[in-house]
Every structure is written in structure tokens, then in C-alpha cells.
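Undergrad: For the record, the sequence lines run as chains H and G. If you count the first sequence from 1, you need to add 134 to reach the working numbering. If you count the second sequence from 1, you need to add 1 to reach the working numbering. Below are the C-alpha cells for one structure; questions will follow.
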Amino acid sequence: MDEQLDFAPCGYVSLNDDSTILDINQTLLGLLDYNLQELQGQHINLILTHASQTFYQLYFFR
Amino acid sequence: MNQNTLIRNNVNVTGKGTKAMIFAHGFGCDQNMWRLVAPAFEENFRVILFDYVGSGKSDYSAYSSTKYQDLHGYAQDVLDICDALDINDAIFVGHSVGSIIGMLASIQEPTRFERLVMLGPSPCFLNDPPLYKGGFEKEDLEGLIGMMEMNYIGWANYLSQVIMKNPERPELFQELEESFCSTDPTVARQFATATFFSDHRNDLQNVTVPSLILQCSDDAIAPIEVGKYMHSVLTDSAYALMEATGHCPHLSHPEETIRLISDYLKSVADQDSSNG
Chain H
135 MDEQLDFAPC
145 GYVSLNDDST
155 ILDINQTLLG
165 LLDYNLQELQ
175 GQHINLILTH
185 ASQTFYQLYF
195 FR
Chain G
2 MNQNTLIRNN
12 VNVTGKGTKA
22 MIFAHGFGCD
32 QNMWRLVAPA
42 FEENFRVILF
52 DYVGSGKSDY
62 SAYSSTKYQD
72 LHGYAQDVLD
82 ICDALDINDA
92 IFVGHSVGSI
102 IGMLASIQEP
112 TRFERLVMLG
122 PSPCFLNDPP
132 LYKGGFEKED
142 LEGLIGMMEM
152 NYIGWANYLS
162 QVIMKNPERP
172 ELFQELEESF
182 CSTDPTVARQ
192 FATATFFSDH
202 RNDLQNVTVP
212 SLILQCSDDA
222 IAPIEVGKYM
232 HSVLTDSAYA
242 LMEATGHCPH
252 LSHPEETIRL
262 ISDYLKSVAD
272 QDSSNG
């Protein structure tokens, strides 16, 4: 990942159509207290609360 | 024909058939959600699309916090539309809470409906241990309502206007805005409360219209246990587990959705004709 994006002051995550995490920057990994290997290839639900999973399904995953 | 209802609920009628097929959207969107599914039925049905009051391009001045405090107010929208278009024996296809609303309407006026097709229905989202698992604790639902109050969708729409900066191509912005299904945040919060804190388990036994339950795999909103529960309590219900994941199979897996609805309608039509 581009270094500026990796350490940008905001979180960055990219997903595919199946809601699998493709890439995630260091800023967000730090906020969530995960390392890249733990999240890359996992479903986005892994980092969302149940309420947020619902919000995501209602508004985003369509 | 009551023109007021048709305008109030932004009713759109298409299709070449005579039998009515009503498509009812769920929480957080509008009739646009059916764009990949409804056209497939236009050859054989009179296809009815509408927005509940407070959603989409409905008449927001008809919204009342009292009337729409629970799902019965929304069920009245469906019955008003049936009355305005003189609909009886309709196929009612509802998504999520839209299907529960149709079910309530069918209890009030069963002759309006011949079949109910329910995509991802849930009669009660809250867990009620030990016997019922709706999938949500009270904190989960309060967290969801809290996120709606922060009005992310409103922010997204505002930012999209700023970012797009294509004033000569307003259709781009309109498309984006429609993709977010923006609704009035106050109405959305009240609809969310009416939806997610409702408990219609006791109404299931009063349903007389036969139904098809289409259950998605891996749906955090209406889990498989809930679909099976509905199937076990609803009289004359069929149940199909979809390959589709998530909660919006009519958008994510339209072909499978169309196929399962068509197969069901064909199988019950064959039954009816063999019974004479």
C-alpha cells in the first residue's frame, strides 16, 4: 500500500463484493488492535459490532 | 380509483397480466429495490410497485407519528392501495419488514391476497430466551437506532454533492443519492423503532393466506432459526433456503430470487389445477 495512505490520519479499508477485506491501512489496524494477517481475507463482520453489522447490511451491502 | 392513495404511496402499475403482484419494500429503502426482480414478472402479471408513506417518493405530508408508530399503520397503506386499484387475490411479495406488514394486512382482509412471498421475514428481532432466538439483544437494537440518529446517510448525501461536482450532469448525483435511499432521518428512526422493536409472533397463528418463506444464508438480520420458526408456525407455508447471503437477495441474487418465486407460483398453480 502507498505509504501515505497506510499512515493516513484516517482508517482505510477496501472490500470485494462478498464483503471480504482486501486491504486495510496501518492506522485502522492500530485503532482496532489487529495485525494485517488477522484481517486480510476475513469478512468485514469480524471488526463490526452486531448493531454495525446490521447497519452495514441495511445500507451498504446491496 | 382513489387517486390520492396512488399519489401518496407513489404507486406504479406495469405489466401485461391481469393478476396483481404487489412488491413491498422493507426498512431503509423504497420500490427501487425491486428493479432487478419485478420486470421478470411483467409478462404474466399486473405488477404493482409503491413506497410506504415516509419512504422513497411517497407524500411525506401524509406521515403521522401516531399512525405509523407501529406496523399496522403501514399495513393500512397496503390495504388502501388494494382498495384504490380494486385488487383481490394478489400475490404479495414483501422484503423483510415489508413481508410482515403484508402478513398483517392479510389478517385484516384475507380476500385481497392469494399468496404471500416473504424474503427474509422476522416476526420478532429480540431474543426471548429460552425458546425464541430473534438474533438481537436489546443493546444491539439500541446501538442500531443510535447509529441512525447520527444520520450517516444524510452526511453521505451531503458529501456526495460536494465531491461529485458535476453540476452539468445532475443525473450522476441523483443516481448516487438514490443508491443511498435517503429518507427523512426522523421518519427513518421511527420506522426503525416500529420495525426492530415489533413482536408479531402472536399474529402468525392468525394468518390464513398460504405463504413462501425465502430464507437467506448467513443473514445477520433474519437468521435461519427465525425463518424456520416462521415456517413451523405459519399454516400452509413453504420454505426455501437460498444460496444468497446477506439480507437483500433481490439485489444481490436477483436470478435466484426470480427463479424461486416463479417455481413456487408454478407449483401452486399446478396443484390448484389438478385439484380441479
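Don't be surprised by glycine CBs; every beta carbon is placed ideally from N, CA and C. Keep in mind that this is a model prediction, so the values were computed, not measured.
1. Between the alpha carbons of Glu172(H) and Tyr153(G), how many angstroms are there, rounded?
2. What three-state label does DSSP hand Ser238(G) in the structure shown?
3. I'd like to check one pair, Gln109(G) with Val80(G): are the Cβ atoms closer than 9 Å?
4. Does any CB atom of chain H fall closer than 9 Å to the CB of His248(G)?
5. So does the region 69-84 of chain G actually touch the region 35-55 of chain G, counting three or more Cβ pairs closer than 8 Å?
6. Any contact of the region 185-193 of chain H with the region 11-21 of chain G, i.e. 3+ C-beta pairs under 8 Å?
7. Output, in sequence order along the chain, the residues in the region 216-244 of chain G whose CB is closer than 7 Å to any CB in chain H.
8. What residues in the region 22-35 of chain G have a beta carbon less than 9 Å from any beta carbon of chain H?
9. Which residues of chain H have a Cβ atom closer than 7 Å to the Cβ of Leu145(G), listed in chain order?
10. According to DSSP, is Arg47(G) part of a helix, a strand, or is it coil?
11. Between Leu142(G) and chain H, is any beta-carbon pair separated by less than 9 Å?
12. For Met148(G), which residues in chain H fall below 8 Å Cβ to Cβ?
13. Distance, Cα to Cα, Ala25(G) vs Thr161(H)?
14. Does any residue of chain H bring its CB to less than 9 Å from the CB of Glu138(G)?
15. Counting only Cβ pairs nearer than 8 Å, list the residues of chain G close to Tyr146(H).
16. Take the Cβ of Asn159(H) as the centre, count every other Cβ of all protein chains shown within 10 Å, and call the residue buried at 16 or more, exposed below.
17. Does Leu132(G) pass the burial test, meaning 16 or more other C-beta atoms within 10 Å, or should it be called exposed?
18. What span of residues does the beta strand (DSSP E) with Ser218(G) cover, start to end?
19. Against chain H, with Cβ distances strictly below 9 Å, would Tyr133(G) count as a contact?
20. With a cut-off of 9 Å, does the C-beta of Leu149(H) fall near any C-beta of chain G?
21. Nearest-angstrom Cα distance between Val48(G) and Asp140(H)?
22. In the DSSP assignment, find the beta strand (DSSP E) that holds Ser268(G) and state where it starts and stops.
TA: From the atom records:
1. Along the first sequence, one-based indexing puts residue 172(H) at 38. Along the second sequence, one-based indexing puts residue 153(G) at 152. For Glu172(H) and Tyr153(G), the distance between alpha carbons rounds to 28 Å.
2. In the second sequence, counting from the first residue as 1, residue 238(G) sits at position 237. Strand at Ser238(G).
3. Residue mapping note: residue 80(G) aligns to position 79 of the second sequence, counting from 1. Residue mapping note: residue 109(G) aligns to position 108 of the second sequence, counting from 1. The sequence as given places Leu at residue 80(G); Val does not occur at that position. Less than 9 Å separates the beta-carbon of Leu80(G) from that of Gln109(G).
4. On the second sequence, position 247 is the one that residue 248(G) refers to. For His248(G), the answer is yes, since a Cβ of chain H falls inside 9 Å of its Cβ.
5. yes
6. no
7. Going along the region 216-244 of chain G in chain order, one finds Ala221 and Ile222 with a Cβ nearer than 7 Å to chain H.
8. Interface annotation for the region 22-35 of chain G against chain H: Gly27, Phe28, Gly29, Cys30 and Met34, criterion Cβ-Cβ distance under 9 Å.
9. Mapped onto the second sequence, residue 145(G) falls at position 144. By Cβ distance, chain H contributes Ala185, Thr188 and Phe189.
10. Numbered from its first residue, the second sequence carries residue 47(G) at position 46. Strand, per DSSP.
11. Locating residue 142(G) in the second sequence gives position 141, where the first residue counts as 1. With respect to chain H, the C-beta atom of Leu142(G) has a partner C-beta closer than 9 Å.
12. Looking up residue 148(G) in the second sequence gives position 147. Ordered by position in chain H, the residues that pass the 8 Å Cβ test against Met148(G) are Ala185, Ser186 and Phe189.
13. To locate residue 25(G), count along the second sequence from 1; it is residue 24. To locate residue 161(H), count along the first sequence from 1; it is residue 27. The alpha-carbon atoms of Ala25(G) and Thr161(H) are separated by roughly 42 Å.
14. Indexing the second sequence from 1 puts residue 138(G) at position 137. It does; some Cβ of chain H falls within 9 Å.
15. Counting from 1 along the first sequence, the entry for residue 146(H) is found at position 12. Among the residues of chain G, none has a CB under 8 Å from the CB of Tyr146(H); the nearest is roughly 16 Å distant.
16. The sequence position of residue 159(H) within the first sequence is 25, counting from 1. Per the 10 Å Cβ criterion, buried.
17. Counting from 1 along the second sequence, the entry for residue 132(G) is found at position 131. It counts as exposed.
18. Stepping through the second sequence from its first residue, residue 218(G) is reached at position 217. It spans Ser212 to Ser218 - the beta strand (DSSP E) in which Ser218(G) sits, taken as one unbroken run.
19. Here the question's residue 133(G) lines up with position 132 in the second sequence. So, not an interface residue.
20. As a position in the first sequence, residue 149(H) is number 15, starting the count at 1. It does not: the Cβ of Leu149(H) has no partner Cβ on chain G nearer than 9 Å.
21. Locating residue 48(G) in the second sequence gives position 47, counting from the first residue. Locating residue 140(H) in the first sequence gives position 6, counting from the first residue. Going by C-alpha positions, Val48(G) is about 50 Å away from Asp140(H).
22. As a position in the second sequence, residue 268(G) is number 267, starting the count at 1. Counting along the chain, Ser268(G) falls outside any beta strand (DSSP E), though it belongs to the alpha helix (DSSP H) covering Pro255 to Ser275.
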